[in-house]
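Have a look at the structure below before the remarks.
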Amino acid sequence: MSFPAPSNEVGQVILNQNYGLCCSVSLVFFDYVITLPQEIDLIWSTKWTPGKGLFVFIRYVGLLAAAVSLYVRFGANVTPLSCTVATWCSLSSVYLVSVATGLVLALRTWAIWNRTRWCAALVGVVWLAASTGTIVYTVISLAGSSQYGNFDGLPGCMVADTPATADVVAKVYSFGVAYEPIIFIMTIIRGFRHLSNPSAMMKVLYRDAFCASVCMLTFAIIDLVLANSDSSLFLIFDLIGFAFSFIVPCRIILNVRQSTMDLSPWD
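Start counting the sequence shown at 6; every next residue gets the next number (our numbering).
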């Protein structure tokens, strides 16, 4: 996303960023508060498993990213150094949460396909390729941007991108658009086999996998389109999309644990 020069366009970008961030942070902390009782009952007292590890990582790295993002956008006494550190911390946390979210969706897809080896290989390779591309281009994007504070007397940090960096940002979202349809299609295909006589566990898995796939695919497409068009609305949808990448996987894990406490090592 390039940083426009005219002051009225800059003001619109800042306004959209404020709207998007306020909506995103509100969703993140609201969902945390209302699901905290479930977390205490279903997560805190249970043994450590890959599912619990993913939940804790997404939950608390996501909360950290939301808190640091507030400083980045509204901090009163910011410097170029503090902006650089905070921006790197915030954005890297956001994309790491997105990568972990992709893994949760992959594991849910594997589960509804009865944990077959070919499904594990397929979703594993696709997730690894998408995650590697996302991380690499995120680092390139951050390295090619400049952070500075108190632009024109305004609070918070500003990020200036070059046109080349803006192209890299679009590539980050292209990996999500490539990954999400595969998960969505596999969810739909397998779901038809469970419509006639689904078990309670499979009903939860399929319902959550379907809703999660629709949600994440929709945001991935919107973000890619807006990033390529250099639209100021990109910031609103990108930040709200982060909130859902935090909420969706945590809800999936909590719902699975709520439906049964007889967990396999991957739940």
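Note that CB positions come from ideal geometry on N, CA and C, so glycine has one too.
- With a contact defined as Cβ atoms closer than 8 Å, Ile63 and Cys255 qualify at about 6 Å.
- Using a C-beta cut-off of 8 Å, the segment 82 to 97 makes no contact with the segment 24 to 44, since fewer than three inter-stretch Cβ pairs fall below that distance.
- By the Cβ rule, the segment 182 to 193 counts as touching the segment 131 to 143, because three or more pairs are nearer than 8 Å.
- If you draw a straight line from the Cα of Val230 to the Cα of Tyr24, it comes to about 20 Å.
- Rounded to the nearest angstrom, the gap between the Cα atoms of Val61 and Ser236 is 34 Å.
- Around the beta-carbon of Ser250, 16 or more other beta-carbon atoms lie within 10 Å, marking it buried.
- In this structure, Val99 places its C-beta atom within 8 Å of the C-beta atom of Ala70.
- In this structure, the straight-line span from the alpha carbon of Lys176 to that of Asp228 is close to 11 Å.
- Annotation: the continuous alpha helix (DSSP H) that includes Thr137 extends over Arg122 to Ala148.
- Cβ-Cβ separation between Val174 and Ala232: approximately 6 Å, consistent with a contact (criterion under 8 Å).
- Residue burial is scored here from C-beta neighbours: Ser103 has at least 16 other C-beta atoms within 10 angstroms and is therefore classed as buried.
- In the DSSP annotation of this structure, the continuous segment of the alpha helix (DSSP H) that includes Val66 starts and ends at Pro55 to Phe79.
- Following the DSSP letters along the chain, one finds Arg256 inside the alpha helix (DSSP H) bounded by residues Phe239 to Ser264.
- A residue is called buried when at least 16 other Cβ atoms come within 10 angstroms of its Cβ; Gln22 meets this threshold and is buried.
- Distance from the CA of Leu20 to the CA of Gln43, rounded to the nearest whole angstrom, comes to 35 Å.
- Residue Met191 holds the alpha-carbon nearest to the alpha-carbon of Ala116 among Phe239, Met191 and Ile226.
- Assigned with DSSP and collapsed to three states, Val83 falls in coil, not helix or strand.
- With fewer than 16 neighbouring CB atoms inside 10 Å of its own CB, Val38 falls in the exposed class.
- By the beta-carbon neighbour count (other beta carbons within 10 angstroms, threshold 16), Ser218 is buried.
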